[in-house]
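Remarks on the structure that follows.
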Amino acid sequence: MIDAIAADNEKRAAALRTDYEALGENLSRWGIDIDAVKAKVANYGVAVPSWGVGTGGTRFARFPGLGEPRDIFDKMEDCAVIHRLTGATPSVSLHIPWDKADPASLKAKAEETGLAFDAMNSNTFQDQPGQAQSYKFGSLSHTDAATRQQAVEHNIECIEIGGAIGSKALTVWVGDGSNFPGQTNFTRQFERYLDAMRKVYAALPDDWRIFTEHKMYEPAFYSTVVQDWGTNYLIATELGPKAFCLVDLGHHAPNVNIEMIVARLIQFGKLGGFHFNDSKYGDDDLDTGSIDPYRLFLVFNELVDAETRKAPGFEPAHMLDQSHNVTDPIESLMVSAMEVQRAYAQALLVDRRALEGYQAENDALMASTALKQAFRTDVEPVLAMARLEKGAAVNPVATFRSSGYRAKVSEDRPVVSGAGGGIV
Ligand SMILES: [Mn+2]
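Number 424 marks the last residue of the sequence shown (UniProt numbering); no jumps.
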């Protein structure tokens, strides 16, 4: 891979330098130092979900790709390729029990691949072989105490595994809810959920955070226990200072103003982080920025605003959470990581002092134009130069395709049957 990067970069470096210089000159006229923007982009990383490197699927079918990872160690190999090519994904987020393995082996693999471990993810939305209690009717909010206890213990086990490999956070998403009006008592169900989550919270080490993820619908189609950001905020407030809200971009109704939700959570110190993806209709788990890059930019506009004014307790975690059905997962994850960086870079270009002035003067047109001016700037040379300087690929997808990596791993990894999800 290192040879492929060097060969492809050599072909592209001269043109990139010309483009970077031209953009730098353009930005300097706005009073922006391109090298400062590049330094921030270079330091910006987004975690890759271990499940993202396998082909996903829908509830209709899964069409397996070539050379899919067989276990967490193969997944980490693929994640390392993504980071080597983009320089943008320094960590991987594990899902338990899918990625359960000896912690010492996981740590050794992390050292070998140069990756760190991001938040741990628990799984109480499906039954595992030999499991005593079923999650068919819920987990942390189940009517049966033994089922809730099993779900609590599983989350505590995730914390323990995470502690052994250097993770510092647990993300909890539950599929609990109901499919029919009247099926559950909303109040009792939420009380049971909170009671169970308090037990999980009590097991958190001092330097850990717990993230709860809201989702409007699915797999429960009438109601979900953690339905929306308001419920999520209640949970984080009820649990305590180590609890924060996680915003998955796909978990909202179409047209919801997600950037405003982000602003509210920042204002009240409860923004835990993100699961980046994109959607057209529901929780489509499409590639980040593939449908509505302007919305992604507007989210980052709020994040840069908070970063600039040093909002108290502002330390969001960033992770991709996508399901790849028709593309090579490595390529999709690379492009998505770069889209996140692109939105960040564009948001850094917003003239905040001017914007504040337009807002004070109620000049709606110029305020909107100030955002648009940043958004329509092609920051690709900034991103590509950051990659070149850290030894990553100027053009990660082209380099990946020329490296022959997928063909090589296909020889070792047999095609996995069409069963099984990959949808979270
Ligand atoms: Mn998610």
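Note that beta-carbon positions come from the ideal geometry of N, C-alpha and C, so glycine has one too.
Alpha-carbon to alpha-carbon, residue j and residue i
| i | j | result |
| --- | --- | --- |
| Phe125 | Ala146 | 16 Å |
| Leu140 | Asp19 | 53 Å |
| Ile261 | Lys11 | 44 Å |
| residue 449 | Lys280 | Here the chain comprises residues numbered 1 to 424, so residue 449 is not present and cannot be evaluated. |
| Lys242 | His252 | 24 Å |
| Ala419 | Arg188 | Low confidence applies here, because Ala419 scores a pLDDT of 45, under 50, leaving its location unreliable; read the following figure in that light. Each residue's Cα considered, the two are about 36 Å apart. |
| Ile96 | Asn123 | 6 Å |
| Leu204 | Tyr193 | 17 Å |
| Asp176 | Gln133 | 14 Å |
| residue 426 | Tyr344 | Outside the shown range of the chain (1 to 424) lies residue 426, about which nothing can therefore be said. |
| Gln373 | Ile156 | 47 Å |
| Cys245 | Lys168 | 15 Å |
| Gly422 | Asp248 | Low per-residue confidence applies at Gly422: pLDDT is 49, beneath 50, and the placement is therefore not dependable, though the value from the model is reported in the following sentence. Going by the C-alpha atoms only, they are around 16 Å apart. |
| Ala384 | Phe186 | 50 Å |
| Glu411 | Gly87 | 27 Å |
| Phe211 | Ala220 | 21 Å |
| Met216 | Arg148 | 22 Å |
| Ala7 | Glu389 | 15 Å |
| Val424 | His275 | Confidence in Val424 is poor, its pLDDT being 44 and thus under 50, which makes the residue's placement too unreliable to answer from. |
| Phe180 | Thr237 | 29 Å |
| Gly162 | His83 | 21 Å |
| Asp283 | Gly250 | 5 Å |
| Leu106 | Tyr44 | 24 Å |
| Arg342 | Pro129 | 42 Å |
| Gln267 | Ala354 | 22 Å |
| Ala108 | Met76 | 11 Å |
| Arg401 | Asp71 | 23 Å |
| Glu259 | Tyr233 | 15 Å |
| Tyr405 | Pro90 | 19 Å |
| Arg413 | Pro103 | 23 Å |
| Asp378 | Leu27 | 11 Å |
| Ser332 | Val53 | 9 Å |
| Ile2 | Leu85 | 9 Å |
| Val382 | Val350 | 15 Å |
| Asn9 | Phe73 | 28 Å |
| Ala39 | Ala386 | 7 Å |
Ligand 1 heavy atom lying under 8 Å from the CB of residue i
| i | result |
| --- | --- |
| Trp173 | yes |
| Glu218 | no |
| Asp248 | yes |
| Glu213 | yes |
| His154 | no |
| Asp118 | no |
| Asp278 | no |
| Asp321 | yes |
| His251 | yes |
| Val275 | Note that residue 275 corresponds to His in the displayed sequence, not to Val. Yes, ligand 1 has a heavy atom inside 8 Å of this Cβ. |
Per DSSP, the bridge partner or partners of residue i
| i | result |
| --- | --- |
| Leu286 | Asp278 |
| Asn121 | His95, Thr171 |
| Ile210 | Leu170, Ala243 |
| Ser223 | Ser178 |
| His318 | Phe274 |
| Val48 | Val92 |
| Asp248 | His275 |
| Ala116 | Ser91 |
Pair within 9 Å by beta-carbon distance, residue i and residue j
| i | j | result |
| --- | --- | --- |
| Thr143 | Pro329 | no |
| Val226 | Ala196 | no |
| Asn277 | Gln346 | no |
| Gly138 | Val174 | yes |
| Leu94 | Phe63 | no |
| Thr288 | Leu239 | no |
| Met334 | Pro396 | yes |
| Leu348 | Val41 | yes |
| Gly273 | His318 | yes |
| Phe190 | Thr231 | yes |
| Ile165 | Ala110 | yes |
| Ala4 | Ala392 | no |
| Gly67 | Val409 | yes |
| Ala61 | Gly114 | no |
| Leu16 | Ile34 | no |
| Tyr222 | Ser178 | yes |
| Asn257 | Leu371 | no |
| Leu170 | Arg209 | yes |
| Ser290 | Glu218 | no |
| Leu271 | Pro316 | yes |
| Thr399 | Arg352 | no |
Interface flag, residue i vs chain D, CB-CB below 9 Å
| i | result |
| --- | --- |
| Arg62 | Protein chain content of the structure displayed is limited to a single chain, and chain D is not contained in it. |
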